[in-house]
Amino acid sequence: AVVGGVMAAKSYRQAATTEERVGEYNQDLAERDAKIKEQEAREGLQLRALQSQDEDRQFADLQASTEMALSHNGWMASSGTPVLQLAFNANEFEEQKARNDYAARTQERAQIDAAVQDRMRGQLERTIAGQRAAGLRTQATASLLGGLTSAAKIGMSA
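Numbering (the numbering used here), first residue to last: 51 to 208.
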């Protein structure tokens, strides 16, 4: 009875240790996932900055082409329709750029939120594993005490 209790207790303790290691591993994986998402968020903002530079260059080219086309057709860009066309182009460009910037910031926020959720998931995994390990250690103690109790009963009846 004592040997059986000791063996069961040892088995439960090993299972508890394994549970804790699994919890730590899962938390490490969740942390890695969170760091990847944070890196993707930073890269997304950097990419948006580069795209913004490209858009600025394209807009400057569009405005220059528009001015050249107007000049070629004999329009003066100092007043009237040519100025309205250039202003319209500028307004459209600014609105599109603002939409693109907003989309990039929204994507960044979503990735950072996902990173926070990964960390919370990792902590939850570790907490659950700790609770399971505690339960297994309690079972180990109960098995050991059960074996000792059985041995004591046998000894008392003899």
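By construction, the Cβ of each residue, glycine as well, lies at the ideal position given by its N, Cα and C atoms.
Would you tell me roughly how many angstroms separate the C-alpha atoms of residue 185 and residue 166, rounded to the nearest one? 29 Å
Where does residue 76 sit, in a helix, a strand or coil, going by DSSP? helix
Cβ-based burial, residue 69 [other Cβ within 10 Å; buried from 16]: buried
Buried/exposed call for residue 161, threshold 16 Cβ in 10 Å: Buried: at least 16 other Cβ atoms inside 10 Å.
Name the residue from 203, 207, 190 and 201 whose alpha carbon lies nearest to the alpha carbon of residue 57. 190
What does a CB cutoff of less than 6 Å around residue 176 pick up in its chain, not counting 5 residues either side in sequence? Within the same chain, residue 176 has close Cβ partners 73 and 77.
Hey, would you say residue 112 sits closer than 9 Å to residue 138, going by beta carbons? Taking C-beta atoms as the reference points, residue 112 and residue 138 fail to come closer than 9 Å.
For the candidate residues 145, 182, 169 and 206, whose alpha-carbon lies nearest to that of residue 63? 182
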